[in-house]
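> Residue numbers (our numbering): 102 to 222.
(1) Residue 157 and residue 186 look like a contact to me (Cβ under 8 Å); what is the Cβ gap, rounded to whole Å?
(2) Give me the Cα-Cα distance between residue 177 and residue 212, rounded to the nearest whole angstrom.
(3) Once DSSP output is grouped into helix, strand and coil, what is the label at residue 211?
(4) Taking only runs that begin and end inside the stretch 161 to 189, name each unbroken alpha helix (DSSP H) of 4 or more residues, in chain order.
(5) Rounded to a whole number of angstroms, what is the C-alpha to C-alpha distance between residue 201 and residue 167?
(6) Pick out the complete beta strand (DSSP E) segments inside the stretch 111 to 154, 3 residues or longer, and give them in chain order.
(7) Based on DSSP bridge pairs, tell me the residues matched to residue 204.
(8) Assign residue 163 to one of two classes, buried (16 or more other C-beta atoms within 10 Å of its C-beta) or exposed (fewer than that).
(9) In this structure, how does DSSP classify residue 261 when only helix, strand and coil are distinguished?
(10) Measure how close the beta-carbons of residue 107 and residue 149 come, nearest whole angstrom, since I'm counting them as under 8 Å.
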């Protein structure tokens with residue numbers, strides 16, 4: 102049985118590569134987006150099981166993307182892990198308030214990301 106599909110939304114090519122390599126190694130099917138608008142389009146068209154979502158993105162930030170995903174019946178059940186450098190407690194609170202299932206701060210341990218992914222899919 103194929104593993105879950107994951108949409109990785111990250112504007113840093115280095116971070117994108119690290120995250121996608123780790124997830125592919127675990128057998129997950131990966132698609133990518135590099136800005137908030139592309140993330141919304143792919144979430145609607147591909148219906149991934151989970152989205153790993155950066156907050157600081159071009160066009161729409163991760164908070165806006167998360168809020169829009171949660172407000173639509175077509176995407177409200179997709180699991181979301183916010184993975185961001187925004188490390189204030191107020192950022193974490195706001196991310197979870199927007200509907201994120203998990204809020205992780207960069208730098209992070211890849212094992213922690215994989216554990217959170219496995220927990221949600």
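Note that beta-carbon positions come from the ideal geometry of N, C-alpha and C, so glycine has one too.
If we stick to the structure as given:
(1) Rounded, the Cβ-Cβ distance is 7 Å, consistent with contact.
(2) Looking at the two C-alpha atoms, the distance is approximately 27 Å.
(3) DSSP places residue 211 in helix when its eight states are reduced to three.
(4) Within the stretch 161 to 189, the complete alpha helix (DSSP H) runs of at least 4 residues are 163 to 172.
(5) Straight-line Cα distance between these residues: approximately 7 Å.
(6) As far as the stretch 111 to 154 is concerned, its whole beta strand (DSSP E) runs of at least 3 residues are 130 to 134, 151 to 154.
(7) Residue 204 pairs with 183.
(8) So residue 163 ends up on the buried side.
(9) Residue 261 is absent from the structure shown; the chain starts at 102 and stops at 222.
(10) Between residue 149 and residue 107 the Cβ distance is about 6 Å, and since that is below 8 Å, they are a contact.
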